[in-house]
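Trainee:
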Amino acid sequence: MFTKNALQGTPATTTTRFRDLWDEIAPIGRDARTGGYLRYAFGEPERRLREWFRTQAERRGMPVTGDGNGNLFARWGDPDATDAVLTGSHFDSVPQGGAYDGPLGIVSAFLAVDELRAAGVAPDRPIVVGAFVEEEGARFGVPCLGSRLLTGALTPERAAGLRDTDGVAFAEALGDRPAGARPDLLAGFAAFLELHVEQGRALVDLDAPVAVATAIWPHGRWRFDITGEPNHAGTTRMADRRDPMLTYAFTVLAANKEARLRGAHATVGRISVEPNATNAVPSRVTGWLDARAAEEGTLAELVEAVRAKAVERARRDGTEVSVTEESATPLVGFDASLGGRLATLLDAPTLPTAAGHDAGVLAGHLPTAMLFVRNPTGVSHSPAESATDADCAAGVTALARVLAELAAD
Ligand code: HGY
Ligand code: MN
Ligand code: MN
Ligand code: MN
């Protein structure tokens, strides 16, 4: 066992190490025009990040294994031990996403291993660095796809058939039928720890570089398919139209209003229109509702209110609307004793989040905790997402101390 000080790390060294490693991945998948990231599951940038992951593991003598679902694991320690501490996050981004959402947790995990080794720590339990596939659901539509497959929350049949907008199936991109649930692998982990950039500004207001997560809001995605009658934009009288775009517009307004009424969050950030021509009244408009609330009941009420308003408006417009739940995540309460222990160890504040994470999926299967690193503006899922090197270094040192604590018998 080593003392806390052994892992204070000299901030300057850790900050330099962070910047060096961060610079290796920062250009990968970055859109030079916007500064945003286009890192989709198994797309060329993410494949390069997977290669980078393997190189980092190799440099540290950490053998890499896969789980047959697209998730990667690099291990430091006894290959047969069944009490490994898993830490990591995801590489993929939303379209034009930020640099830190996901990769920060993987880079910090490798650097935390370096910190432990530099402090002469030989953990009693193995430490495993993980990279989960398709956390954002930006390519195949289901968030946390990799961790849901690993835990059995999603079947290989459902996943194999998920297609991207080019019609490529997940199984094709993976190069095989997904293996699905791997209880054998999960049984080998004693805990999971995800470090993630904060997607909000609580840590700015708390004036702290790192926090421990307490919970993830219930949230989900619902697809609204609205169909009408395609027609000529110029010759069709307004009274004769059955325009799904009109129903869609009212649905978005209703979602915004119903969320505000309930202190919940509702976003329609993705739409597809057929035939998508300037001079044609559409035949179909599809919109995806992302809805989140602090309680399950509020979330269910919100979604039902939006659905009812859409159906009511469709009746007036002579259109049809159908609503399909594409993914739903119940309230996640992280392991309170583990979280409390880490908050004490780090002397860090605790806070909930409305952002989904692989940790939210694994929390149902392993003692799980999350560390958040301060985000100066709170902005995320945007090229403007940021974090300072000093705070990222503080996150690395915090992660190293937590790993040392959890990996000690
Ligand atoms: O959408 C989310 O909450 C997460 O950033 N994937
Ligand atoms: Mn995200
Ligand atoms: Mn994320
Ligand atoms: Mn014409």
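First residue of the sequence shown: 1, per full-length UniProt numbering; consecutive thereafter. Note that the Cβ used here is the ideal one computed from N, Cα and C, for glycine as well. Please read all numbers here as calculations on a predicted model, not as lab measurements.
Using a beta-carbon distance below 9 Å, is residue 358 in contact with chain B?
Mentor: Reference to chain B is not applicable here, since this structure consists of a single protein chain.
Trainee: Which residues bound the beta strand (DSSP E) around residue 206?
Mentor: Taken as a continuous stretch (DSSP letters only), residue 206 belongs to no beta strand (DSSP E), being part of the alpha helix (DSSP H) at 202-206.
Trainee: Is it buried or exposed, residue 4, if we count other Cβ atoms within 10 angstroms and call 16 or more buried?
Mentor: With a pLDDT of only 44 at residue 4, under 50, the local geometry of the prediction cannot be trusted, and the value read off the model is given with reservation. By the neighbour-count rule (16 or more Cβ atoms within 10 Å), residue 4 is not buried but exposed.
Trainee: Measure from the alpha carbon of residue 166 to the alpha carbon of each residue in 249, 141, 176, 182, then state which is nearest.
Mentor: 141
Trainee: Tell me which same chain residues have a C-beta within less than 6 Å of the C-beta of residue 318, skipping the five on either side of it?
Mentor: 242
Trainee: Helix, strand or coil for residue 130, going by three-state DSSP, please let me know.
Mentor: strand
Trainee: Could you compute how far the alpha carbon of residue 2 sits from the alpha carbon of residue 121?
Mentor: Annotation note: pLDDT 39 at residue 2 (below 50); position unreliable, coordinate value reported separately. Each residue's alpha carbon lies about 7 Å from the other.
Trainee: Going by C-alpha distance, which of 82, 77, 134, 150 is nearest residue 116?
Mentor: With distances taken between Cα atoms, residue 116 lies closest to 77.
Trainee: In the DSSP assignment, the alpha helix (DSSP H) including residue 62 goes from what residue to what residue?
Mentor: Residue 62 -> no alpha helix (DSSP H), and no H or E assigned at all.
Trainee: When DSSP labels each residue in this structure, what does residue 271 get in the three-state scheme?
Mentor: It is a strand residue.
Trainee: Which one of 405, 368, 12, 36 has the shortest CA to CA distance from residue 186?
Mentor: 368
Trainee: What does DSSP give as the partner residues of residue 84 in its beta bridges?
Mentor: According to DSSP, which records beta bridges pairwise, residue 84 is partnered with 189.
Trainee: If you measure from each residue's Cβ to the nearest non-hydrogen atom of ligand 3, which ones come out under 5 Å, in chain order?
Mentor: 101, 102
Trainee: Have a look at the DSSP bridge pairing and note the partners of residue 37.
Mentor: Partner residues in the beta bridge of residue 37, as assigned by DSSP, are 30, 97.
Trainee: Shortest alpha-carbon distance to residue 161 belongs to which of 152, 173, 67, 388?
Mentor: 173
Trainee: Can you name the start and end residues of the alpha helix (DSSP H) that residue 245 belongs to?
Mentor: 244-262
Trainee: Is the distance from the Cβ of residue 87 to the Cβ of residue 133 below 9 Å?
Mentor: no
Trainee: Expressed to the nearest angstrom, what Euclidean distance is found between the alpha-carbon atoms of residue 238 and residue 313?
Mentor: Straight-line measurement puts the Cα of residue 313 at about 16 Å from the Cα of residue 238.
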